[in-house]
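Q: Shown below is the structure under consideration.
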Amino acid sequence: MAPLFADIAKGSKDLLSDDYGSKVTLKTKIPAGPAILTLETERLSKGGAVSLASKVSAKVTPSFLPKGFSIDKFQMKPDGSNALETSLTGVSPGLKLTFKGTDSSTGDLGVEYVKGKIAATAVLDVIELSKVSTSACFGCSSKSVGVSATYSMAGKECALTSYNLGGSYATGAIAVGATTGSKLSEVNVNTLYKVNSSLSVATASSHASDKPLGKFSIGCAYKAPVGLIKTKVDSAGLLSAACVKKVDNYTVTASGSVPSSDLSSFKWGLGISI
Numbered sequence: 001m002a003p004l005f006a007d008i009a010k011g012s013k014d015l016l017s018d019d020y021g022s023k024v025t026l027k028t029k030i031p032a033g034p035a036i037l038t039l040e041t042e043r044l045s046k047g048g049a050v051s052l053a054s055k056v057s058a059k060v061t062p063s064f065l066p067k068g069f070s071i072d073k074f075q076m077k078p079d080g081s082n083a084l085e086t087s088l089t090g091v092s093p094g095l096k097l098t099f100k101g102t103d104s105s106t107g108d109l110g111v112e113y114v115k116g117k118i119a120a121t122a123v124l125d126v127i128e129l130s131k132v133s134t135s136a137c138f139g140c141s142s143k144s145v146g147v148s149a150t151y152s153m154a155g156k157e158c159a160l161t162s163y164n165l166g167g168s169y170a171t172g173a174i175a176v177g178a179t180t181g182s183k184l185s186e187v188n189v190n191t192l193y194k195v196n197s198s199l200s201v202a203t204a205s206s207h208a209s210d211k212p213l214g215k216f217s218i219g220c221a222y223k224a225p226v227g228l229i230k231t232k233v234d235s236a237g238l239l240s241a242a243c244v245k246k247v248d249n250y251t252v253t254a255s256g257s258v259p260s261s262d263l264s265s266f267k268w269g270l271g272i273s274i
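For the sequence shown, the UniProt record's numbering assigns the number 1 to the initial residue and increments by one for each residue that follows.
And the structure:
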């Protein structure tokens with residue numbers, strides 16, 4: 001099955017981004033009939049003062065609504081704003097309709113089609129009708145090619161504001177993905193190498209004609225007896241590490257980062273999910 005354009009090189013990107021952070025959070029999921037409530041509390045520190053900010057999310061699949069319809073997220077944020085995400089499946093094989101919006105006058109209507117060797121998406125700003133974004137991929141999980149584009153309808157002049165190409169190839173323990181950026185002017189390359197069942201190594205790099213090697217990062221994930229241990233370093237000299245440990249129904253994630261040029265600027269994060 002072909003991946004979505006946004007998921008090209010997903011494995012490498014996830015290894016280098018997931019679980020790293022500098023926030024202190026507590027996330028609790030509570031089943032409530034047809035809904036699953038999620039309460040996320042974050043510790044905030046500003047000017048020496050410490051406070052807590054919480055947001056509540058709900059995922060609902062009510063039986064009285066059409067089959068296949070789901071309220072994927074209804075979120076109330078600490079600043080008083082709300083966000084809503086819904087989806088509808090079952091209209092046609094491989095077809096999924098989505099809506100994502102907030103009470104601040106933003107809303108995107110999306111169409112996602114994944115079947116066989118084709119994966120395509122389209123997203124329209126239905127509030128201001130300012131842009132439409134599309135993408136398409138052809139292939140399978142081991143090799144695929146794709147294209148994405150964004151057409152702006154804001155202002156008096158309409159124009160194609162973004163267009164990029166991408167592709168991926170996997171063989172054995174190695175997976176490579178590449179996507180262009182800035183209207184084909186740069187190339188972003190991601191690799192993932194699964195050394196064995198416990199160790200994986202990932203890289204990410206950007207390349208352009210005026211800068212053959214731009215940003216670069218390399219990281220690894222190791223399944224140790226104490227939990228999942230992850231480390232990475234980037235071209236700016238930022239060293240990061242994280243440890244994810246599951247205990248019964250709890251998941252504890254501890255992380256930290258420090259620039260090699262200033263070891264006193266250490267930042268840490270702690271997340272607990274129940």
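Note that CB positions come from ideal geometry on N, CA and C, so glycine has one too.
Can you check the region 136–188 for any beta strand (DSSP E) of at least 3 residues that lies completely inside it and give the ranges in chain order?
A: Counting only runs of 3 or more, we get 143–152, 159–171, 174–181.
Q: Would you call Asn190 buried or exposed, if buried means 16 or more other Cβ atoms sit within 10 Å of its Cβ?
A: The residue you call residue 190 lines up with position 190 of the sequence shown. It is buried - the Cβ of Asn190 has at least 16 other Cβ atoms within 10 Å.
Q: Along the beta strand (DSSP E) that carries Lys29, what are the first and last residues, could you check?
A: Residue numbering aside, residue 29 sits at position 29 when the sequence shown is read from its first letter. Unbroken beta strand (DSSP E) run through Lys29: 24–32.
Q: Looking only at its own chain, which residues have a Cβ that is under 8 Å from the Cβ of Ser130, when we skip the five neighbours before and after it?
A: Start at 1 with the first residue of the sequence shown, and residue 130 comes out as number 130. Cβ neighbours of Ser130 beyond the five flanking positions: Ser152, Met153, Ala154.
Q: Excluding five sequence neighbours on each side, which residues of the same chain lie with their C-beta closer than 7 Å to the C-beta of Thr25?
A: Here residue 25 is taken as the residue at index 25 of the sequence shown, counted from 1. Answer for Thr25: Glu40, Thr41, Glu42, Gly271, listed in chain order.
Q: Asn188 to Gly181, Cα distance in whole Å?
A: Within the sequence shown, numbered from 1, the residue matching residue 188 stands at position 188. Within the sequence shown, numbered from 1, the residue matching residue 181 stands at position 181. One C-alpha to the other measures close to 7 Å.
Q: Output the distance between the C-alpha atoms of Lys267 and Gly256, rounded to the nearest integer angstrom.
A: Counting from 1 along the sequence shown, the entry for residue 267 is found at position 267. Counting from 1 along the sequence shown, the entry for residue 256 is found at position 256. For Lys267 and Gly256, the distance between alpha carbons rounds to 6 Å.
Q: Could you tell me which of Leu263, Ser264, Tyr250 sits nearest to Lys27, measuring between CA atoms?
A: Position 27 of the sequence shown, counted from the first residue, corresponds to residue 27. Of the listed residues, the one whose Cα sits closest to Lys27 is Tyr250.
Q: Taking only runs that begin and end inside the region 63–90, name each unbroken beta strand (DSSP E) of 3 or more residues, in chain order.
A: Whole beta strand (DSSP E) segments, 3+ residues: 69–76, 82–89.
Q: Just how far apart, CA to CA, sit Gly237 and Thr61?
A: Along the sequence shown, read from residue 1 onward, the residue named residue 237 stands at position 237. Along the sequence shown, read from residue 1 onward, the residue named residue 61 stands at position 61. Looking at the two C-alpha atoms, the distance is approximately 46 Å.
Q: Counting along the chain, where does the beta strand (DSSP E) carrying Ser51 start and finish?
A: Working through the sequence shown from its first residue, we reach residue 51 at position 51. It spans 49–60 - the beta strand (DSSP E) in which Ser51 sits, taken as one unbroken run.
Q: Where does Gly11 sit, in a helix, a strand or coil, going by DSSP?
A: For the purposes of this step, residue 11 is identified with residue 11 of the sequence shown, where counting begins at 1. The answer is helix: DSSP assigns Gly11 an H, G or I state.
Q: Does the beta-carbon distance from Ile127 to Thr106 come in below 7 Å?
A: Position 127 of the sequence shown, counted from the start, is the residue given in the question as residue 127. Position 106 of the sequence shown, counted from the start, is the residue given in the question as residue 106. It is a contact, given that the beta carbons lie within the stated cut-off.
Q: Nearest-angstrom Cα distance between Lys215 and Leu15?
A: Locating residue 215 in the sequence shown gives position 215, where the first residue counts as 1. Locating residue 15 in the sequence shown gives position 15, where the first residue counts as 1. Between Lys215 and Leu15, the C-alpha separation is close to 17 Å.
Q: If I'm right that Gly11 touches Leu192 with Cβ under 8 Å, what's the distance once you round it to whole angstroms?
A: Stepping through the sequence shown from its first residue, residue 11 is reached at position 11. Stepping through the sequence shown from its first residue, residue 192 is reached at position 192. With 8 Å as the limit, Gly11 and Leu192 qualify as a contact, their Cβ atoms being about 5 Å apart.
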